[in-house]
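K.L.:
Taken in order, these protein sequences are the chains called A and B.
Just so we're aligned, residue 1 is where the first sequence starts under the working numbering, counting upward by one.
Just so we're aligned, residue 165 is where the second sequence starts under the working numbering, counting upward by one.
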Amino acid sequence: MRRHGQARLIEMLLAALMVVVAIVFTMQFTRPIKSIYIRETSDLRRLAYNLLDNYAKAGVYESIIVNGNLSGADWESQMRLMLSMSLPPEIVFYMEVYEIRFDSATGSIYFERLDHGRITNLSNFSSISLLDAETVTFTYVVVGRPDRVRGTVLYITLTLGFGG
Amino acid sequence: MRRMRRKGQMLVATALIITLVMMTIVISIYEAHVFFLQTRSLVVRETVASITSDFKRATAAVLAVATRAYYNYSRFYPLVSRFSNFGLYYSSRHNFTVARIAAQQYLQYWMAAESEAYASYGPQIKYELARLNISKYLGRKRYVYNLVAGYWYYPTAASVAYAKLKVNLTNAGFYGWESDVVVGVFLKVFPQPVASSLTDNYTVIRINVKVDDNRSYSELATKGWVEIYYPERKGGRWTGKWVKAEIEDIRYEGFGNYTIKFKPYVVTLRDPISGKTFVPLLVVVSDHRGIIVEALTYNKIVFKIAKNTPDTLVYYDSWGIRRTVTKPYLTPQEKYTVEFSSDLNFYWLNIQLGRDPPDFELPPLPYMPIKQININASTDGTLASVKEIPFQVENWTRAVWHGVYVWLPYGLPDPTIDIVPYIVQGDKYFNMRFVFQVPFPRRDIREQWVIIWWNDSLDATIKSFPTQIWYDDTKREVFHPLFGIEFLDTTHQRAWGYESVPISTDPCVSAFDPDYNLMYWGVAAFVVRNPVSGTVYGIYNLHGFDSYIVRCGTHYVAYLARYRPYGEWKIYTNYSRYGITAPIRIYAVLNTTLVGDIYGLTLDSGDTTGNVRSDYYDFLAIVEIINGTNYIPIISYVYWKDGKWGRGYWVSQSSGAASTGIPGWQSTFGWFMYLTHASGWYLENSTDDTPVSSYLYRTYEGYYPGIMISQWGDDSGKSLIYSESAIDYWYALNPYDNLKTASYMCGGTPLCSADLQLYPFEWRNQYFVPRGTYFSYWTAYFVYNLTGTGWLGDTGSRGWRNSYVYAPMFLEKYAPVVKEP
Chain A
1 MRRHGQARLI
11 EMLLAALMVV
21 VAIVFTMQFT
31 RPIKSIYIRE
41 TSDLRRLAYN
51 LLDNYAKAGV
61 YESIIVNGNL
71 SGADWESQMR
81 LMLSMSLPPE
91 IVFYMEVYEI
101 RFDSATGSIY
111 FERLDHGRIT
121 NLSNFSSISL
131 LDAETVTFTY
141 VVVGRPDRVR
151 GTVLYITLTL
161 GFGG
Chain B
165 MRRMRRKGQM
175 LVATALIITL
185 VMMTIVISIY
195 EAHVFFLQTR
205 SLVVRETVAS
215 ITSDFKRATA
225 AVLAVATRAY
235 YNYSRFYPLV
245 SRFSNFGLYY
255 SSRHNFTVAR
265 IAAQQYLQYW
275 MAAESEAYAS
285 YGPQIKYELA
295 RLNISKYLGR
305 KRYVYNLVAG
315 YWYYPTAASV
325 AYAKLKVNLT
335 NAGFYGWESD
345 VVVGVFLKVF
355 PQPVASSLTD
365 NYTVIRINVK
375 VDDNRSYSEL
385 ATKGWVEIYY
395 PERKGGRWTG
405 KWVKAEIEDI
415 RYEGFGNYTI
425 KFKPYVVTLR
435 DPISGKTFVP
445 LLVVVSDHRG
455 IIVEALTYNK
465 IVFKIAKNTP
475 DTLVYYDSWG
485 IRRTVTKPYL
495 TPQEKYTVEF
505 SSDLNFYWLN
515 IQLGRDPPDF
525 ELPPLPYMPI
535 KQININASTD
545 GTLASVKEIP
555 FQVENWTRAV
565 WHGVYVWLPY
575 GLPDPTIDIV
585 PYIVQGDKYF
595 NMRFVFQVPF
605 PRRDIREQWV
615 IIWWNDSLDA
625 TIKSFPTQIW
635 YDDTKREVFH
645 PLFGIEFLDT
655 THQRAWGYES
665 VPISTDPCVS
675 AFDPDYNLMY
685 WGVAAFVVRN
695 PVSGTVYGIY
705 NLHGFDSYIV
715 RCGTHYVAYL
725 ARYRPYGEWK
735 IYTNYSRYGI
745 TAPIRIYAVL
755 NTTLVGDIYG
765 LTLDSGDTTG
775 NVRSDYYDFL
785 AIVEIINGTN
795 YIPIISYVYW
805 KDGKWGRGYW
815 VSQSSGAAST
825 GIPGWQSTFG
835 WFMYLTHASG
845 WYLENSTDDT
855 PVSSYLYRTY
865 EGYYPGIMIS
875 QWGDDSGKSL
885 IYSESAIDYW
895 YALNPYDNLK
905 TASYMCGGTP
915 LCSADLQLYP
925 FEWRNQYFVP
935 RGTYFSYWTA
945 YFVYNLTGTG
955 WLGDTGSRGW
965 RNSYVYAPMF
975 LEKYAPVVKE
985 P
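1. If you draw a straight line from the C-alpha of residue 929/B to the C-alpha of residue 898/B, how long is it?
2. Within the continuous beta strand (DSSP E) that includes residue 619/B, where are the two ends?
3. With H, G and I counted as helix, E and B as strand and the rest as coil, what does DSSP make of residue 930/B?
4. Please report the distance separating the alpha-carbon of residue 101/A from that of residue 74/A.
5. Apart from the five residues on each side of it in sequence, which residues of its chain come closer than 7 Å, Cβ to Cβ, to residue 643/B?
6. Got a sec? Which residues, its chain only, sit under 8 Å from residue 120/A by beta carbon, not counting five neighbours each side?
7. Check the Cβ of residue 102/A against every Cβ in chain B and list those closer than 7 Å, keeping chain order.
8. Starting from the C-beta of residue 987/B, find all residues in its chain whose C-beta is less than 6 Å away, skip the five residues before and the five after it, and write them out in chain order.
9. Along chain A, which residues have their Cβ under 7 Å away from the Cβ of residue 242/B?
10. May I ask you to list the residues that DSSP assigns as paired with residue 423/B?
11. Going by Cα to Cα distance, which pick from 325/B, 372/B and 943/B is closest to residue 873/B?
12. Starting from the Cα of residue 325/B, find the closest Cα among 336/B, 308/B, 318/B and 443/B and give me that residue.
13. Please state whether the Cβ-Cβ distance between residue 577/B and residue 534/B is less than 8 Å.
14. If you draw a straight line from the C-alpha of residue 131/A to the C-alpha of residue 106/A, how long is it?
15. Specify the secondary structure class of residue 644/B as computed by DSSP and reduced to three states.
16. Would you call the region 145-162 of chain A and the region 231-249 of chain B touching, i.e. three or more CB-CB distances under 8 Å?
17. Within the chosen definition, does the region 486-499 of chain B reach the region 606-620 of chain B through at least 3 CB pairs nearer than 8 Å?
18. How big is the Cα-Cα spacing for residue 1/A and residue 179/B?
19. Following the continuous alpha helix (DSSP H) through residue 501/B, name the residue where it begins and the one where it ends.
20. Below 8 Å on the Cβ atoms is my contact criterion, and I expect residue 355/B with residue 442/B to pass it. Report the Cβ-Cβ distance as a whole number of Å.
21. Taking the beta carbon of residue 333/B as the centre, do at least 16 other beta carbons fall within 10 Å, making it buried, or is it exposed?
22. What residue range is occupied by the uninterrupted alpha helix (DSSP H) comprising residue 1047/B?
23. Can you list, in chain order, the residues of its chain with a C-beta nearer than 6 Å to that of residue 851/B? Leave out the 5 residues immediately preceding and following it.
24. Would residue 510/B be called buried (16 or more neighbouring beta carbons within 10 Å of its own) or exposed?
25. Select from the region 446-476 of chain B all residues with a C-beta closer than 7 Å to any C-beta belonging to chain A, and list them in chain order.
26. I'd like to know if residue 178/B contacts chain A, where contact means its C-beta is closer than 8 Å to some C-beta of that chain.
27. Looking only at its own chain, which residues have a Cβ that is under 6 Å from the Cβ of residue 870/B, when we skip the five neighbours before and after it?
28. Give the single residue among 188/B, 269/B and 193/B whose Cα lies nearest to the Cα of residue 225/B.
29. Could you give the DSSP three-state label for residue 263/B: helix, strand or coil?
30. Determine the extent of the beta strand (DSSP E) in which residue 999/B is found, giving its start and end residues.
31. Are the Cβ atoms of residue 349/B and residue 457/B separated by less than 8 Å?
32. What does residue 171/A touch in chain B if you count any residue whose Cβ is under 7 Å from its own?
33. Leaving aside the five residues before and after residue 370/B along the sequence, list all residues of the same chain whose C-beta is less than 6 Å from its C-beta, in chain order.
34. If we ignore side chains and look at the alpha-carbon of each, how far apart do residue 712/B and residue 562/B end up?
35. Looking at residue 595/B: is its Cβ nearer than 8 Å to the Cβ of residue 560/B?
36. Report the residue from 765/B, 796/B and 391/B whose alpha carbon sits nearest the alpha carbon of residue 448/B.
This is how it looks when you write it as C-alpha cells:
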C-alpha cells in the first residue's frame, strides 16, 4: 500500500509536469493573447510617431510652422489641414507646438508655446474625454531653410484618439 | 481492483486540477510579461528613435553653423550670428575650435531640452566623442575625432560630424542604447572637365556628392545648392579673384554624380609635378541641412624662381684696366625676399618680377583663411630638396601719390581672415603679399622650386616660425643678428644712451652737430648699432637738401643735408592680434609731407616754428629689416611740392663706422671705394681713384657715382647699393651731370660717412630743384664680411669685391624671374 501510494504520487507529479511543460512549450510558438484595448492604443501611438517622423523628413515643420511663424501666416490652419489629410477620418487629433529656448545667461531652458490651441479637428477637444487615445511627444531641431532658424528646437505634442 | 481504480481516478483528477491551477498562474504571468514588453518596446522604440533622429538633426545644425561661419560668416550672418551666444563671433569665424565649443554647448542645451521633453520616460542622454576614419572617401588619411571636422580645398573635401549617442530610459526599464551618428557632406570634384568649348563659351564638369553614411545625395539641385567659381580675368591675366559662374544645367546621373554645365569656358592647366591637367575651379556645395563643403580642382600652386645674376662681374680698376671677379661657389648671401601677391603678381624690392614665359599664368589662391597656406621651396634646385619655409603675410595698398601709383605696406593682417585677392576703393587698391625667401646657396643653383600649398583641415592653426629678428619698443629698435636698427622720429627724438651727451646751440662747437649728440628733434632717420653691446655704428639719413653755413671766427663751417624728412615711423613688427613676430621681416614706413631743418631745430632747441616746413618735398620710405639676410632695403619716394634753391642734395647719407666689427664709435679704420656711372669720361663700374685708405685721406670725394659705394675695414664692411634706374634718372635730371659721392674718412675725424649726392655741395653754387620733381629709388644697406663662407676672402684694398659679387641682386636688370617649371 505504502509503495503503491508513493508510485501514484510520483505518477501524478510527472503527469502534471508533462502537461505544464507541454503548454509552456506550445506558448513559445504562439502569439500572445492581446486585448482590443492594447492593440488600438499602441496603433495610435505608432501612427502618431510615424506621422511626426514623416513630417520631419518631408520638411513640413519648416514649411508650415517655421515659415508661418516668420511670415505671420495662419500656419495653424495649414497644420490642421495637413493632419486632416494625413489621418483617417475617424481619428481625432490635437497638436501643440512649442519652441524650446535656451537662456545662455542662466543656462536654463524654457518652452514658448507657438500655437493657440487650434490644431485640432474637434472644436471642443479640451472638454471631451477620450477613452482610446494616445499622446506622443516629439522634438525637432530645425535643419531646413530658412537659414536663420536652423538649430531652433521645436517641441510638439500630438494626441490621437478614436472618434465616436 | 475496484478500490485501486477509484484511487487512480482521484489522483488523475487531482493532477488535472493542480495542472489547471499552475497553468492559470503561468498564463497570467506570461500575459503580464507580454503586456509589459508590448508597451515598453513601443515606448522605447519610438522615443529612442525620436531622440536619435533629433540628435542627428542637432548635429547637422551645428555642423551647418560651423561650416557656414567658416566659409563666409557675413553671407550667412542671420544664422551664424545666433550662435554668438556660444562664442561664435565674427572675429572667431575661422577658429574651428570655437565652432566646436559652440557646437558642444548647443548640444548640451539640446540634451537638456530632450530631458525636459521626454521627462516622463526618465531619459538619460549623453554623447561620446570617437574617431571616425574618412580616409577612404578623401583619398588621404583624415579623421573626425572631436565632434566636427572639415577637410576642404582639395578635389575631395568633406564636412563631417560624428558622435556616439547613448540613451537610457529609466522609467521604461531600458538601458544601454548606443547609436553611431554620422552627419556630413562629402564632395568630389573631378579636376578634368567633361567637356568645354572656347567657341561656345562653356565648361562641363562632374562632381560627386554623398552625405552621412556614404549615402548618395540626389537632392542637390532641389533642396541643396551648388556654386562654381572660376578665376577672374582682366587685362589678359588672372587677377586672383574668384567669380561665380553661371550654371546652365545640372544633371543628376545617379550614385551622387552630377554633371554641371556653366559659363564661361575656363582654360585647362597642367600640374607641373604630377603632369595631370585640371581646370582651375572652386566648387561649393550645401545640402538641405545647410552643411557646406568647399573643394578645389587643385591643391597647390607650383612655380620656380630663377636668379638672374651673373657669376662673373666686370669692373675697371683705378688704372682703367678691365678686371673680373667671380662669385664664390657658396653664396648663402644670395637670398631673395620675394613677395607673392594675392592678385597673382610677384615683387622684389617693390618692383614687379618678370615671367618666363611671359604668358605663364598661375591659378588663384583658394578662397580660404590665410592660416591654411604653407610654402615649400627647394634648397638645391631639385624637387627632392623641397621643404617647408617660413613666410609672412602683409597688407599692401597701391595709392595714388602725387599722380603716380605707389605700393605701400600697412601692416600684417589677421592670419585667420580670408585671403583677399584685391579690393578697389576709389583710387586705392588693396591686396595681400605672401613674403618668403628663396635662397641660392650655391653659384650653380640657378632655379629653385616653390610650392604654395594649403592645409585642408579647418582646424589649421596659425603658424609661428622661428626668427632672429625682434622689436624692442622701449628702445624703438629692431634687432637683427648683425645690427640693431633704432628708429628716430617725432616720437623718439634721441638715440638711447645719448641722453646725457651735451647739446650745444653754438654751431661752432662739435656738440652742436646732431650726428654727435644724436638728438634729431623729430627728423626721421635710423641709427645702426651693435645688436649686443648697443654701440652705435652710425646713423642713416634718408634724404637731405641744402646746407647750413655759419661763420665761426675766421672760417666758415658747412652743416650738410639741412632739410630732412620729418615725421613718425610706423613700425610693423607682428601679427598684432596674436602677438606673433613677423618671421621674415619687420618694416618701418615713413609717410610725411614735412621736412625739418635739423640745424635750425638744434639752434632753437627743438622749436618747430619755421624749422618744420611743408613747402619742400613729401617723402615716403619703407625700411625692411629682414631675417637671415645681410641687407636692409630702403625704398624711397620723393615729390617736390615747391621749387627750391639749395647747396647740395643728398639722396642718402650713411654716417659712422663702416665696419660692423669695429666696437667703438670713434675707431679709425679702413678703406673706401665707389663704382662709377657710365657718364662723363667714365666707364660703367670703374673704381675711379679708389680704393683709398683712410690713413692717406682724411676725406675723399668722387664724381659720377654709380651703383655701389663701400667702406670696409680689416674684417668686414658696408655698402650702399642703389637702384640703377634711379641713378640713370638722376643723371638725366641733373643738368650739371656731376653727381658726387663722398666719404669723409675716419682718419682723424670721428665721423665716417658714405653719401650719394644728387647735387654736390659747393660753397658758392646753389642748385634748383623744380617743383613737381618726382623720383623713387632704393638703397640696399649691405653688410659684409671679408672672409668665411660665402665671401671671396679678399681683404685690404680688394675687400669691397666681397660686396660687389652680391650687388647685382639689387639691380633691376638682374632681378629674379618667375619661371614655369
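Positions of the beta carbon are idealized from the N, C-alpha and C atoms, including for glycine.
None of these values were measured; they are calculated from a predicted model.
P.N.:
Let's see:
1. Looking up residue 929/B in the second sequence gives position 765. Looking up residue 898/B in the second sequence gives position 734. The straight-line gap from Cα to Cα measures roughly 14 Å.
2. Counted from its first residue, the second sequence places residue 619/B at position 455. Premise fails: residue 619/B is in no beta strand (DSSP E) and is neither H nor E.
3. Taking the second sequence and counting its residues from 1, the one referred to as residue 930/B is at position 766. In the structure shown, residue 930/B falls within a coil segment according to DSSP collapsed to helix, strand and coil.
4. As a working mapping, residue 101/A is identified with position 101 in the first sequence. As a working mapping, residue 74/A is identified with position 74 in the first sequence. When rounded, the distance between both Cα atoms is 22 Å.
5. Taking the second sequence and counting its residues from 1, one reaches residue 643/B at position 479. If the five residues before and after residue 643/B are omitted, its C-beta is found closer than 7 Å to the C-beta atoms of 633, 634, 636 and 695, all from its own chain and listed in chain order.
6. In the first sequence, counting from the first residue as 1, residue 120/A sits at position 120. These residues qualify, in order along the chain: 80, 92, 93, 94 and 95.
7. Position 102 of the first sequence, counting from 1, holds the residue named residue 102/A. What residue 102/A touches in chain B: 273.
8. It is not possible to answer for residue 987/B, since the shown part of chain B is limited to 165 through 985.
9. Sequence index remark: in the second sequence, residue 242/B carries index 78 (1-based). By Cβ distance, chain A contributes 147 and 148.
10. The sequence position of residue 423/B within the second sequence is 259, counting from 1. Paired residue(s): 370/B and 415/B.
11. Counting from one through the second sequence, the residue named residue 873/B turns up at place 709. Residue 943/B is the option with its Cα nearest to residue 873/B.
12. Residue numbering aside, residue 325/B sits at position 161 when the second sequence is read from its first letter. Nearest option by C-alpha distance: 308/B.
13. Taking the first residue of the second sequence as position 1, residue 577/B is located at position 413. Taking the first residue of the second sequence as position 1, residue 534/B is located at position 370. Yes.
14. For this step, residue 131/A is matched to residue 131 along the first sequence. For this step, residue 106/A is matched to residue 106 along the first sequence. So the alpha carbons of these two residues sit roughly 41 Å apart.
15. Your numbering for residue 644/B matches position 480 in the second sequence. Reduced to three states, the DSSP call for residue 644/B is coil.
16. Touching, yes, given that three or more Cβ pairs across the two stretches are closer than 8 Å.
17. Contact holds: three or more Cβ-Cβ distances are below 8 Å.
18. To locate residue 1/A, count along the first sequence from 1; it is residue 1. To locate residue 179/B, count along the second sequence from 1; it is residue 15. Below a pLDDT of 50, predicted positions are generally treated as unreliable, and residue 1/A, at 49, falls in that range; no measurement from the model is reported.
19. Counting from one through the second sequence, the residue named residue 501/B turns up at place 337. Unbroken run through residue 501/B is the beta strand (DSSP E), 499-505; no alpha helix (DSSP H).
20. Locating residue 355/B in the second sequence gives position 191, counting from the first residue. Locating residue 442/B in the second sequence gives position 278, counting from the first residue. Contact between residue 355/B and residue 442/B holds: their C-beta atoms lie close to 4 Å from each other, under 8 Å.
21. In the second sequence, residue 333/B corresponds to position 169, counting from 1. Of the residues assessed, residue 333/B falls on the buried side of the cut-off, its CB having 16 or more other CB atoms within 10 angstroms.
22. Outside the displayed range of chain B (165 to 985) lies residue 1047/B, so it cannot be described from this structure.
23. The residue given as residue 851/B occupies position 687 in the second sequence. For residue 851/B, the CB contacts under 6 Å within the same chain, skipping 5 residues up- and downstream, are 481, 482 and 837 in chain order.
24. Looking up residue 510/B in the second sequence gives position 346. Looking at its Cβ environment, which holds 16 or more other Cβ atoms inside 10 Å, residue 510/B is buried.
25. The residues in question are 452, 453 and 454.
26. Start at 1 with the first residue of the second sequence, and residue 178/B comes out as number 14. Answer yes: the Cβ-Cβ gap between residue 178/B and chain A drops below 8 Å somewhere.
27. Against the second sequence, residue 870/B aligns to sequence position 706. Answer for residue 870/B: 839, 840 and 841, listed in chain order.
28. Here residue 225/B refers to the residue found at position 61 of the second sequence. Here the closest residue by C-alpha is 269/B.
29. The residue given as residue 263/B occupies position 99 in the second sequence. Three-state result, residue 263/B: helix.
30. Any question about residue 999/B goes unanswered here, given that chain B covers just 165 to 985.
31. The residue you call residue 349/B lines up with position 185 of the second sequence. The residue you call residue 457/B lines up with position 293 of the second sequence. Residue 457/B sits close to residue 349/B, with the two beta carbons spaced by under 8 Å.
32. Beyond the ends of chain A as shown, which are 1 and 164, falls residue 171/A; an answer cannot be given.
33. The count along the second sequence starts at 1 and reaches residue 370/B at position 206. Contacts found: 354, 358 and 423.
34. Here residue 712/B corresponds to residue number 548 of the second sequence, with the count starting at 1. Here residue 562/B corresponds to residue number 398 of the second sequence, with the count starting at 1. Between the alpha carbons of residue 712/B and residue 562/B lies a distance of about 37 Å.
35. In the second sequence, residue 595/B corresponds to position 431, counting from 1. In the second sequence, residue 560/B corresponds to position 396, counting from 1. With respect to residue 560/B, residue 595/B sits close: the two C-beta atoms are nearer than 8 Å.
36. Taking the second sequence and counting its residues from 1, one reaches residue 448/B at position 284. Closest by alpha carbon: 391/B.
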